[in-house]
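Take a look at the structure set out below.
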Amino acid sequence: MKNRRPSTRDLRSPVGTEKRPVPAGNLRFPAGVPFVDLGLQHREIGASLAAAIKQVVEKGDFILGSQTGDFEKEFAAYLGVKHCVGVGTGSDALHLALRALGVGAGHEVIVPAMTFAATAFGVCHAGARPVFVDVSDQGCGLDPGRIEAALTRKTRAILPVHLYGFPAAMDAILDLARRKRLFVVEDACQAHGALYKGRRAGALGDAAAFSFFPSKNLGAMGDGGMVAASSDEAASRVRLLRNYGQPAKYVHESVGYNSRLDTVQSAILRLKLSRLDRWNAQRRRAAGLYRKLLASCPVTLPEPLEGTEPVYHVFTLLSERRDDLQAFLKAAGIGTGLHYDKPLHLQRCFQDMGHAPGDFPVAERVARQTLSLPMFPGITEEQVRAVATRIRRFFAVR
Ligand SMILES: Cc1ncc(COP(=O)(O)O)c(C=O)c1O
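This is the structure we're talking about:
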């Protein structure tokens, strides 16, 4: 049985669901491996998807319909938070969460220098100023030891990002925020389902923002976002702001926005939420296999903080030969990504802040070295092995 030739079924099953390990020597490698394959999850929910959409179409409650309210309650229960409020995008979730907490003009918010630009844009759209702080060695989140030096009398909030699905160092951040009377707004846009000491990312601070961009761990079929909040006041403020500032039709208490999570997207997200833990487990198993197969390569693999369970929105490694490695993988038909190849303080949109290369050395090194490998629910053992084999070949590791 040991050298049994793998059947087509073995090769196609998602990592970790195989009955027996597939012997590496027998693998016929796939022609290429995509960076992300969303088709797999959509085929899995295919029949229920059509029924869920049909139900919304028949009811016709496209804006703030019953499925949006149901999804908000289910996602709040999943996270273990008091309130969830569906909004148009993850970017809006960040902006509206900050505004709902009273963060705005004249205030500063601590933001990691290495994150997706939308984290900092949320601060700018709220009228406040992002203040960048360097990240910890792996690039996964704010370095809590560096935050205090960046605080001023204007600082109102800290905005940790659970980057790549790795929970940030929340105990230290929450402790500092409590001592300095600052809000903590989590950017959990890449961390649906991640655990920090048994609690969900997004349930740890005063408020959190989630994105449902299609490729996220919980992704819609279009844009979508969610604010999670512990206080009744912040949640009702977001509810007001997302819907033209209206507590009742044509009564406008604030200059609000039109930023609501569609009913159709909510129906789709409800279907996917029931599968999220299973899909995250598939990502974790694929990450475990990458870790094992790449252990002897001269690369740095991401290390979760103690007591955390990441959800591997992306699987990144750091390599001094990143560009050559990426080109080598591309030539083999293997898709990769760069998250992110320029830190925020060096982006043109923030040049007014007067930063220069060298200001945040860890973020700059991560930007030069980071490479994200194929990762998605349903990725097969064969696909992970194919990627790892190419990387080992690149480094001449046997
Ligand atoms: C870390 C982070 N913050 C914010 C966002 C913004 O979310 P959205 O694209 O839904 O506006 C994203 C996603 O793209 C993200 O990855």
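Using my numbering, the final residue of the sequence shown is 435, and nothing's skipped along the way. Built from N, CA and C at the ideal position, the CB exists for glycine as well.
* Proximity to leucine 383 [Cα-Cα], best of Cys161, Asp396, Ala257, Lys217 -> Here residue 383 is taken as the residue at index 346 of the sequence shown, counted from 1. Comparing Cα-Cα distances from leucine 383 to each of Cys161, Asp396, Ala257, Lys217, the minimum goes to Asp396.
* Identify, in the order they occur along the chain, each residue of the same chain with its Cβ nearer than 8 Å to the Cβ of alanine 87, setting aside the five sequence neighbours on each side. => Stepping through the sequence shown from its first residue, residue 87 is reached at position 50. None.
* Asked: DSSP beta-bridge partners for threonine 353?
  -> As a working note, residue 353 is residue 316 in the sequence shown. In DSSP, threonine 353 forms a bridge with Ser409.
* Run of the beta strand (DSSP E) containing phenylalanine 158, from where it starts to where it stops -> Translated into positions along the sequence shown, residue 158 becomes position 121. In the DSSP assignment, phenylalanine 158 falls outside any beta strand (DSSP E) and within the unbroken alpha helix (DSSP H) covering 154-162.
* Counting only the same chain and skipping the five closest in sequence on each side, list residues whose C-beta sits under 7 Å from that of aspartate 314. => Within the sequence shown, numbered from 1, the residue matching residue 314 stands at position 277. Residues of the same chain with a CB within less than 7 Å of the CB of aspartate 314, apart from the 5 flanking positions on each side, are Gly230 in chain order.
* To do: Check the Cβ-Cβ distances between threonine 407 and every residue of chain B, and say whether any is below 9 Å.
  => Of the chains in the structure shown, none is chain B; there is only one protein chain.
* Asked: Do the region 407-416 and the region 296-311 meet, that is, are 3 or more Cβ pairs less than 8 Å apart?
  -> For the pair of segments examined, the region 407-416 was found not to touch the region 296-311: the number of CB pairs separated by less than 8 Å stays below three.
* Asked: Can you list, in chain order, the residues of its chain whose CB lies under 7 Å from that of phenylalanine 112, leaving out five sequence neighbours each side?
  -> As a position in the sequence shown, residue 112 is number 75, starting the count at 1. Apart from sequence neighbours up to five positions away, the residues of its chain that approach phenylalanine 112 with a beta-carbon distance below 7 Å are Cys121, Met263, Leu310, ordered along the chain.
* 8 Å contact criterion, which valine 221 and glycine 242 should meet: CB distance rounded -> The residue given as residue 221 occupies position 184 in the sequence shown. The residue given as residue 242 occupies position 205 in the sequence shown. The beta-carbon separation of valine 221 and glycine 242, rounded to 3 Å, stays under the 8 Å limit for a contact.
* With respect to 8 Å, is the separation between the Cβ of threonine 152 and the closest non-hydrogen atom of ligand 1 below this value? -> Taking the first residue of the sequence shown as 1, we reach residue 152 at position 115. Checking the Cβ of threonine 152 against ligand 1 gives yes.
* Alpha carbon to alpha carbon, how far is alanine 423 from proline 58? Give it in angstroms, no decimals. => Residue 58 sits at position 21 when you count from the first residue of the sequence shown. Residue 423 sits at position 386 when you count from the first residue of the sequence shown. Residue placement at proline 58 is flagged as unreliable, the pLDDT there being 37, under the threshold of 50; the coordinate-derived value follows with that caveat. Proline 58 and alanine 423: Cα-Cα distance of roughly 15 Å.
* To do: Could you tell me the distance, in whole angstroms, from the CA atom of serine 173 to the CA atom of phenylalanine 203?
  => Indexing the sequence shown from 1 puts residue 173 at position 136. Indexing the sequence shown from 1 puts residue 203 at position 166. For the pair serine 173 and phenylalanine 203, the Cα-to-Cα distance works out to about 12 Å.
* Asked: Considering only residues of the same chain and omitting the five flanking positions on each side of alanine 433, which have a CB-CB separation below 6 Å?
  -> Here residue 433 refers to the residue found at position 396 when the sequence shown is read from its first residue. For alanine 433, where only same-chain residues beyond five positions count, there are no Cβ hits under 6 Å.
* Contact test: threonine 192 Cβ vs ligand 2 heavy atom, cutoff 8 Å -> Among the ligands present in this structure, namely ligand 1, ligand 2 is not found.
* Examine ligand 1 and report whether any of its heavy atoms sits within less than 8 Å of the Cβ of lysine 110. => Locating residue 110 in the sequence shown gives position 73, counting from the first residue. In this structure, lysine 110 has its beta carbon at no less than 8 Å from each heavy atom of ligand 1.
* Grab the span of the beta strand (DSSP E) containing histidine 79 for me, first residue to last. => What you label residue 79 is simply residue 42 of the sequence shown in a count that begins at 1. For histidine 79, there is no enclosing beta strand (DSSP E); the enclosing alpha helix (DSSP H) has its first and last residue at 76-81.
* Would you call valine 288 buried or exposed, if buried means 16 or more other Cβ atoms sit within 10 Å of its Cβ? -> By one-based count along the sequence shown, residue 288 stands at place 251. It counts as exposed.
* Under the assumption that glutamine 363 contacts threonine 373 (Cβ atoms under 8 Å), give the Cβ distance between them as a whole number of angstroms. => Indexing the sequence shown from 1 puts residue 363 at position 326. Indexing the sequence shown from 1 puts residue 373 at position 336. Correct: roughly 5 Å between the Cβ atoms.
* Looking at glycine 262 and ligand 1, is the gap between the Cβ and the nearest heavy atom below 8 Å? -> Numbered from its first residue, the sequence shown carries residue 262 at position 225. Answer for glycine 262: yes, Cβ within range of ligand 1.
* Assumed close pair arginine 279, leucine 116 - CB separation to whole angstroms, cut-off 8 Å -> If you number the sequence shown from 1, residue 279 lands on position 242. If you number the sequence shown from 1, residue 116 lands on position 79. Going by Cβ atoms, the distance from arginine 279 to leucine 116 rounds to 18 Å, so no, they are not a contact pair.
* Asked: In whole angstroms, what is the alpha-carbon distance linking glycine 143 and glycine 164?
  -> For this step, residue 143 is matched to residue 106 along the sequence shown. For this step, residue 164 is matched to residue 127 along the sequence shown. Going from the Cα of glycine 143 to the Cα of glycine 164 covers about 8 Å.
* Look up glycine 178 in the DSSP assignment and say whether it is helix, strand or coil. => Position 141 of the sequence shown, counted from the first residue, corresponds to residue 178. In the structure shown, glycine 178 sits in coil (DSSP, three-state: anything other than H, G, I, E or B).
* If you measure from the CB of phenylalanine 249, is any heavy atom of ligand 1 nearer than 8 Å? -> In the sequence shown, residue 249 corresponds to position 212, counting from 1. Phenylalanine 249 Cβ: within cutoff of ligand 1.
* Can you tell which of Ile210, Arg215, Ser103, Cys226 has the C-alpha that lies nearest to the C-alpha of phenylalanine 304? -> On the sequence shown, position 267 is the one that residue 304 refers to. According to the sequence displayed, residue 304 carries alanine and not phenylalanine. Alanine 304 has its Cα closest to that of Ser103, out of Ile210, Arg215, Ser103, Cys226.
* State the Cα-Cα distance for the pair glycine 415 and phenylalanine 352, rounded to the nearest angstrom. => Here residue 415 refers to the residue found at position 378 of the sequence shown. Here residue 352 refers to the residue found at position 315 of the sequence shown. Computed Cα separation, rounded: 15 Å.
* **Entirely enclosed alpha helix (DSSP H) segments - the region 279-330, minimum 4 residues** => Segments of the alpha helix (DSSP H) lying fully in the region 279-330: 300-310.
* Can threonine 156 be considered in contact with ligand 1, in the sense that its beta carbon sits closer than 8 Å to one or more heavy atoms? -> If you number the sequence shown from 1, residue 156 lands on position 119. Here the distance from the Cβ of threonine 156 to the nearest heavy atom of ligand 1 is below 8 Å.
* leucine 138 and alanine 332: beta carbons closer than 9 Å? -> The count along the sequence shown starts at 1 and reaches residue 138 at position 101. The count along the sequence shown starts at 1 and reaches residue 332 at position 295. Going by C-beta atoms, leucine 138 is not nearer than 9 Å to alanine 332.
* To do: Return the chain-ordered list of same chain residues with a C-beta closer than 6 Å to the C-beta of phenylalanine 365, the five sequence neighbours on each side being excluded.
  => By one-based count along the sequence shown, residue 365 stands at place 328. Taken in chain order, the residues that qualify are Phe431.
* **Own chain partners of alanine 400 with C-beta closer than 6 Å, once the 5 adjacent residues on each side are dropped** => Taking the sequence shown and counting its residues from 1, the one referred to as residue 400 is at position 363. Answer for alanine 400: Ala150, Met151, Asp171, Val172, Pro380, listed in chain order.
* Asked: Just to confirm, are alanine 225 and alanine 245 a CB contact at a threshold of 9 Å?
  -> As a working mapping, residue 225 is identified with position 188 in the sequence shown. As a working mapping, residue 245 is identified with position 208 in the sequence shown. In this structure, alanine 245 lies closer than 9 Å to alanine 225 by Cβ.
* Proximity test, cysteine 177 beta-carbon vs ligand 1 heavy atom, cut-off 8 Å -> Within the sequence shown, numbered from 1, the residue matching residue 177 stands at position 140. No, Cβ of cysteine 177 sits at least 8 Å from all heavy atoms of ligand 1.
* **Proximity to phenylalanine 247 [Cα-Cα], best of Tyr233, Gln283, Val198** => Numbered from its first residue, the sequence shown carries residue 247 at position 210. Of Tyr233, Gln283, Val198, the residue nearest in Cα terms is Val198.
* Whose C-alpha, out of Asn317, Leu354, Arg136, is nearest the C-alpha of tyrosine 294? -> Looking up residue 294 in the sequence shown gives position 257. It is Arg136.
* Asked: Quick one: what's methionine 263 bridged to in DSSP?
  -> By 1-based counting over the sequence shown, the position of residue 263 is 226. Partner(s): Gly123, Phe247.
* Where do the N-terminal and C-terminal ends of the alpha helix (DSSP H) with threonine 189 fall, by residue? -> Taking the first residue of the sequence shown as 1, we reach residue 189 at position 152. Looking at the DSSP string, threonine 189 is not in any alpha helix (DSSP H), and its letter there is neither H nor E.
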